[in-house]
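With the sequence shown counted from 1, adding 85 to any position gets you the numbering used here. Beta carbons are placed, not taken as given, at the ideal position from N, Cα and C, and that holds for glycine. Here is the structure we will look at, set down as structure tokens.
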Amino acid sequence: MVIPMDQLSAEVVDAVIEAFILREGTDYGVIEISLDKKKEQVRKQLQKNDIRIVYDFNTESVTMMTDSDWKKLTGSLR
């Protein structure tokens, strides 16, 4: 189930974003990006609907996925 960002408090959205970033692991890029900058980038992607906050009833957990991955998962992508 997709959870619209505006249905959550700012604190919850921030916690979901941070948990997602930390789960994704270490950044091995040439330029290290701060956690705050990564959070800002993810928040912008959420605002543009490039990624979604998704609740999984089976695992009772929240994660984030790209819009195209969500559509593939739900069979909406042709």
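Cα-Cα separation between residue i and residue j, rounded to whole angstroms
{"i": "Phe105", "j": "Ile88", "result": "15 Å"}
{"i": "Ile102", "j": "Phe142", "result": "19 Å"}
{"i": "Gln130", "j": "Ile136", "result": "6 Å"}
{"i": "Lys123", "j": "Val98", "result": "14 Å"}
{"i": "Asp152", "j": "Val115", "result": "28 Å"}
{"i": "Ser119", "j": "Met150", "result": "21 Å"}
{"i": "Gln132", "j": "Glu145", "result": "24 Å"}
N-terminal and C-terminal residue of the beta strand (DSSP E) that residue i is part of
{"i": "Thr151", "result": "146–151"}
Whether residue i touches residue j by CB criterion (8 Å)
{"i": "Val139", "j": "Val127", "result": "no"}
**Message:** If we require 4 or more residues per run, which alpha helix (DSSP H) segments fall completely within the segment 104–140?
**Reply:** With a minimum length of 4 residues, the continuous alpha helix (DSSP H) runs that stay inside the segment 104–140 are 120–132.
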